[in-house]
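Chains as they are written, first to last, in the numbering used here: chain P, 21 to 219; chain A, 21 to 219.
Even glycine gets a Cβ: it sits at the ideal position worked out from N, Cα and C.
What follows is a single structure, written as structure tokens, with notes after it.
There are 2 protein chains.
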Amino acid sequence: MTGPGTVRPGGRTARTREAVREATLAELAEHGYQGLTVDNVAARSGVHKTTVYRRWGSAEGLVADALELAAAEPWPVPDTGSAEGDLRALARLVQSGFADAEQGPVAAAFVAAAVQNPGAAKALHTFFARRHEDAAAVVDRAVERGELPAGTDSAEVVRAAVAPLYYRLFITGERIDEAVADRAGSAAFAAARAGAFTR
Amino acid sequence: MTGPGTVRPGGRTARTREAVREATLAELAEHGYQGLTVDNVAARSGVHKTTVYRRWGSAEGLVADALELAAAEPWPVPDTGSAEGDLRALARLVQSGFADAEQGPVAAAFVAAAVQNPGAAKALHTFFARRHEDAAAVVDRAVERGELPAGTDSAEVVRAAVAPLYYRLFITGERIDEAVADRAGSAAFAAARAGAFTR
Numbered sequence: 021m022t023g024p025g026t027v028r029p030g031g032r033t034a035r036t037r038e039a040v041r042e043a044t045l046a047e048l049a050e051h052g053y054q055g056l057t058v059d060n061v062a063a064r065s066g067v068h069k070t071t072v073y074r075r076w077g078s079a080e081g082l083v084a085d086a087l088e089l090a091a092a093e094p095w096p097v098p099d100t101g102s103a104e105g106d107l108r109a110l111a112r113l114v115q116s117g118f119a120d121a122e123q124g125p126v127a128a129a130f131v132a133a134a135v136q137n138p139g140a141a142k143a144l145h146t147f148f149a150r151r152h153e154d155a156a157a158v159v160d161r162a163v164e165r166g167e168l169p170a171g172t173d174s175a176e177v178v179r180a181a182v183a184p185l186y187y188r189l190f191i192t193g194e195r196i197d198e199a200v201a202d203r204a205g206s207a208a209f210a211a212a213r214a215g216a217f218t219r
Numbered sequence: 021m022t023g024p025g026t027v028r029p030g031g032r033t034a035r036t037r038e039a040v041r042e043a044t045l046a047e048l049a050e051h052g053y054q055g056l057t058v059d060n061v062a063a064r065s066g067v068h069k070t071t072v073y074r075r076w077g078s079a080e081g082l083v084a085d086a087l088e089l090a091a092a093e094p095w096p097v098p099d100t101g102s103a104e105g106d107l108r109a110l111a112r113l114v115q116s117g118f119a120d121a122e123q124g125p126v127a128a129a130f131v132a133a134a135v136q137n138p139g140a141a142k143a144l145h146t147f148f149a150r151r152h153e154d155a156a157a158v159v160d161r162a163v164e165r166g167e168l169p170a171g172t173d174s175a176e177v178v179r180a181a182v183a184p185l186y187y188r189l190f191i192t193g194e195r196i197d198e199a200v201a202d203r204a205g206s207a208a209f210a211a212a213r214a215g216a217f218t219r
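Written out as structure tokens, the structure reads:
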């Protein structure tokens with residue numbers, strides 16, 4: 021919840037949105053998407069139930085708004101000096117995010133919401149499109165340095181670096197660790213270097 | 021539903037199981053996992069509701085059993101003569117499966133079920149472990165032919181070939197087509213050839 025010392029620019033509306041968002045994330049972490057209700061978010065945020073219903077409408081609306089705010093947040097696009105290092109670092113960001121006791125369950129809840137609900141799916145897709153766009157910088161820099169071939173499809177390299185982690189987490193149910201992340205990053209680099217992602 | 025001409029070995033119990041499985045798949049295709057009920061499967065299969073409840077218990081049990089039968093079914097592990105050809109063919113099998121009007125919605129429903137339900141997740145994980153094991157033959161043959169380095173982790177190459185398809189379908193919500201499948205297969209091959217998957 022937003023404490024008295026964290027009043028944000030934008031005034032009361034922004035504070036309400038932030039309080040609802042934080043309550044949504046906390047509820048997702050504790051109960052998952054299937055346990056997310058407008059009533060619980062209202063109670064937890066201290067925002068009146070009718071306000072939450074009027075502005076967010078449903079659990080779907082709460083998830084979509086939380087994702088919209090998450091997409092807008094800055095995140096540390098890796099810049100290690102080498103393409104392989106950057107791609108490994110990208111994969112590590114995904115791995116450590118899911119391993120995190122707070123972020124992990126929320127991220128998993130976002131994916132679960134997207135599988136069950138078209139509105140949440142749309143919000144998640146927008147989130148990933150934004151992340152791919154940001155992370156493309158890693159590949160573009162590598163092309164400029166001559167590490168990767170000209171014409172490399174940067175979003176495709178980023179997908180290759182992180183896809184094996186999501187595949188294990190949400191499809192095959194296999195665990196991921198730092199070694200899995202490093203291998204995914206290095207494999208994406210090797211394939212890109214060999215020209216597998218040139219347009 | 022099982023017609024009179026398709027009596028299977030195993031007699032009445034096997035026929036009942038097959039009828040329930042086919043009804044489960046048809047219900048998943050039409051209504052997804054969230055719309056799957058024991059009552060509807062019983063009605064569709066012609067098997068008495070109390071029998072379905074006693075033997076399968078719930079929607080979760082129906083999905084787990086359908087996946088168990090699917091895992092045991094033979095499938096055409098590609099053998100094109102080259103590692104790259106085989107890995108592309110593997111990715112194409114995934115892509116064409118999801119594009120199929122009957123199989124696609126069922127496969128998507130299995131993934132949705134796994135995200136929502138631990139029992140379905142366990143069944144899906146067993147299914148994929150079996151598929152990875154079968155598909156490993158593609159990589160093992162390539163190592164024997166000298167196309168890929170000795171010590172290549174075959175399951176890891178298989179994961180790399182198909183993960184980008186699942187990532188697009190279930191995480192980023194991007195469409196997949198034959199070109200996406202071919203690129204995933206070729207990228208997995210290039211990374212494996214470069215030694216990214218050696219143990």
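How is the alpha helix (DSSP H) around P/V97 delimited, first residue to last? Numbered from 1 along the first sequence, position 77 holds the residue referred to as residue 97 of chain P. Careful: P/V97 lies outside any alpha helix (DSSP H) and carries neither H nor E.
Does the beta carbon of A/S206 come closer than 8 Å to any beta carbon on chain P? On the second sequence, residue 206 of chain A is found 186 positions in, with the first residue counted as 1. Yes, A/S206 counts as interfacial toward chain P.
Roughly how many angstroms lie between the CA atoms of P/V27 and A/R151, to the nearest whole one? Position 7 of the first sequence, counted from the first residue, corresponds to residue 27 of chain P. Position 131 of the second sequence, counted from the first residue, corresponds to residue 151 of chain A. Its pLDDT being 44, under 50, P/V27 is placed unreliably by the model, and the measurement read from it follows with that caveat. Their backbone Cα atoms lie some 53 Å apart in a straight line.
Boundaries of the alpha helix (DSSP H) in which P/A157 is found, first to last residue: Taking the first residue of the first sequence as 1, we reach residue 157 of chain P at position 137. Start and end: 138-164.
Please list, in chain order, all residues of the same chain as P/L87 whose beta carbon is under 7 Å from its beta carbon, the five residues on each side excluded. In the first sequence, residue 87 of chain P corresponds to position 67, counting from 1. Answer for P/L87: F130, A143, L144, F147, listed in chain order.
At a CB-CB cut-off below 8 Å, which residues of chain P make contact with A/F217? Residue 217 of chain A sits at position 197 when you count from the first residue of the second sequence. Those are R203, A207, listed as they occur along chain P.
Please name the residue, chosen from P/A183, P/P169, P/T57, that lies closest to P/V114 on a Cα-to-Cα basis. On the first sequence, residue 114 of chain P is found 94 positions in, with the first residue counted as 1. Considering only alpha carbons, the answer is P/A183.
CB contact check: P/F118 to chain A, cutoff 8 Å: Numbered from its first residue, the first sequence carries residue 118 of chain P at position 98. By this cut-off, P/F118 is not an interface position.
Between the Cα of P/G121 and the Cα atoms of P/S206, P/A140, P/A34, P/A46, which residue gives the shortest distance? Locating residue 121 of chain P in the first sequence gives position 101, counting from the first residue. Checking the sequence shown, residue 121 of chain P turns out to be Ala, not Gly. Of the listed residues, the one whose Cα sits closest to P/A121 is P/A46.
Can you grab the Cα-Cα spacing for the pair P/A180 / P/K69, in whole Å? As a working mapping, residue 180 of chain P is identified with position 160 in the first sequence. As a working mapping, residue 69 of chain P is identified with position 49 in the first sequence. Distance between the alpha carbons of P/A180 and P/K69 is about 43 Å.
A/T70 in three-state terms, based on DSSP: Residue 70 of chain A sits at position 50 when you count from the first residue of the second sequence. Helix, per DSSP.
May I ask you to list the residues that DSSP assigns as paired with P/T218? Start at 1 with the first residue of the first sequence, and residue 218 of chain P comes out as number 198. P/T172, per the DSSP bridge assignment.
Counting contacts by CB-CB distance shorter than 8 Å, is P/Q136 in contact with chain A? In the first sequence, residue 136 of chain P corresponds to position 116, counting from 1. Cβ-Cβ to chain A under 8 Å: yes for P/Q136.
May I ask you to list, following chain order, the residues of the region 130-157 of chain A that have a beta carbon less than 8 Å from some beta carbon of chain P? V131, A132, A134, V135, Q136, A141, K142, L144, H145, F148, A149, H152
So, does the CB of A/P184 fall closer than 8 Å to a CB anywhere in chain P? The sequence position of residue 184 of chain A within the second sequence is 164, counting from 1. Yes, A/P184 counts as interfacial toward chain P.
The alpha helix (DSSP H) that contains P/R188, what's its start and end? As a working note, residue 188 of chain P is residue 168 in the first sequence. Taken as a continuous stretch (DSSP letters only), P/R188 belongs to no alpha helix (DSSP H), as it is neither H nor E.
Cα-Cα separation between P/G139 and P/A79, rounded to whole angstroms: Within the first sequence, residue 139 of chain P is the residue found at index 119, counting from 1. Within the first sequence, residue 79 of chain P is the residue found at index 59, counting from 1. Approximately 10 Å between the Cα atoms of the pair.
Pull out every residue of the region 165-182 of chain A whose Cβ sits closer than 8 Å to any Cβ of chain P, in chain order. E176, R179, A180, V182
Between the CA atoms of P/I191 and A/A128 - distance to the nearest angstrom: Translated into positions along the second sequence, residue 128 of chain A becomes position 108. Translated into positions along the first sequence, residue 191 of chain P becomes position 171. A/A128 and P/I191: Cα-Cα distance of roughly 11 Å.
Take P/V156 and list the residues in its own chain whose beta-carbon comes closer than 6 Å to its own, dropping the five residues that flank it on each side. Position 136 of the first sequence, counting from 1, holds the residue named residue 156 of chain P. As written in the sequence, residue 156 of chain P is Ala, which differs from the Val given in the question. Answer for P/A156: S174, A175, listed in chain order.
Any beta-carbon of chain P closer than 8 Å to the one on A/P192? As a working note, residue 192 of chain A is residue 172 in the second sequence. Going by the sequence as given, residue 192 of chain A is Thr instead of Pro. Cβ-Cβ to chain P under 8 Å: yes for A/T192.
Where A/T172 falls, given that 16 or more other Cβ within 10 Å makes a residue buried: The residue you call residue 172 of chain A lines up with position 152 of the second sequence. The residue in question, A/T172, is buried, as its Cβ has 16 or more Cβ neighbours within 10 Å.
Nearest by alpha-carbon distance to P/R213: which of P/A162, P/R195, P/Y187, P/D197 is it? As a first step, residue 213 of chain P is located in the first sequence; it is residue number 193 there, counting from the start. Cα-wise, what sits closest to P/R213 is P/A162.
What does the alpha-carbon distance come out to for the pair A/A210 and P/L168? For this step, residue 210 of chain A is matched to residue 190 along the second sequence. For this step, residue 168 of chain P is matched to residue 148 along the first sequence. Distance between the alpha carbons of A/A210 and P/L168: 14 Å.
Straight-line CA distance for A/N60 to A/R32? By one-based count along the second sequence, residue 60 of chain A stands at place 40. By one-based count along the second sequence, residue 32 of chain A stands at place 12. C-alpha separation (whole angstroms): 21 Å.
Output the distance between the C-alpha atoms of A/T38 and A/G66, rounded to the nearest integer angstrom. Position 18 of the second sequence, counted from the first residue, corresponds to residue 38 of chain A. Position 46 of the second sequence, counted from the first residue, corresponds to residue 66 of chain A. Residue 38 of chain A is actually Glu in this sequence, not Thr. Each residue's Cα considered, the two are about 11 Å apart.
List the residues of chain P that A/Y187 touches, going by C-beta distances under 8 Å, in chain order. To locate residue 187 of chain A, count along the second sequence from 1; it is residue 167. Neighbours of A/Y187 on chain P, chain order: R179, V182, A183, Y186, Y187.
Compute the Euclidean distance between the alpha carbons of A/E198 and A/R75, then round it to the nearest angstrom. As a position in the second sequence, residue 198 of chain A is number 178, starting the count at 1. As a position in the second sequence, residue 75 of chain A is number 55, starting the count at 1. Distance between the alpha carbons of A/E198 and A/R75 is about 41 Å.
In this structure, how does DSSP classify P/R195 when only helix, strand and coil are distinguished? By one-based count along the first sequence, residue 195 of chain P stands at place 175. Residue state, collapsed to three classes: coil.
Give every residue of the same chain whose Cβ lies closer than 8 Å to the Cβ of P/A49, excluding the five residues on either side of it in the sequence, and list them in chain order. Along the first sequence, one-based indexing puts residue 49 of chain P at 29. Here the set comprises E122, P125, V126, A129.
Please list, in chain order, the residues of the region 54-77 of chain P that have any C-beta partner in chain A closer than 9 Å. Q54
Pick from A/A208, A/A170, A/Y186, A/V178: whose alpha carbon is nearest that of A/R219? By 1-based counting over the second sequence, the position of residue 219 of chain A is 199. Taking only the C-alpha atoms, the option nearest A/R219 is A/A170.
Residues of chain P with CB closer than 7 Å to the CB of A/A211, please, in chain order. For the purposes of this step, residue 211 of chain A is taken as residue 191 along the second sequence, with counting starting at 1. Near A/A211 (Cβ distances below 7 Å), the residues of chain P are A207, A210, A211.
At the level of alpha carbons, what is the spacing between P/A111 and A/D85? In the first sequence, residue 111 of chain P corresponds to position 91, counting from 1. In the second sequence, residue 85 of chain A corresponds to position 65, counting from 1. About 35 Å.
For A/G215, I'd like the list of residues in its chain whose CB is within less than 6 Å of its CB, leaving aside the five on either flank, ordered along the chain. Translated into the one-based positions of the second sequence, residue 215 of chain A becomes position 195. P169.
Apart from the five residues on each side of it in sequence, which residues of its chain come closer than 8 Å, Cβ to Cβ, to A/F118? Translated into positions along the second sequence, residue 118 of chain A becomes position 98. The answer, listed in chain order, is G124, A127, A128, L185, L189, I196.
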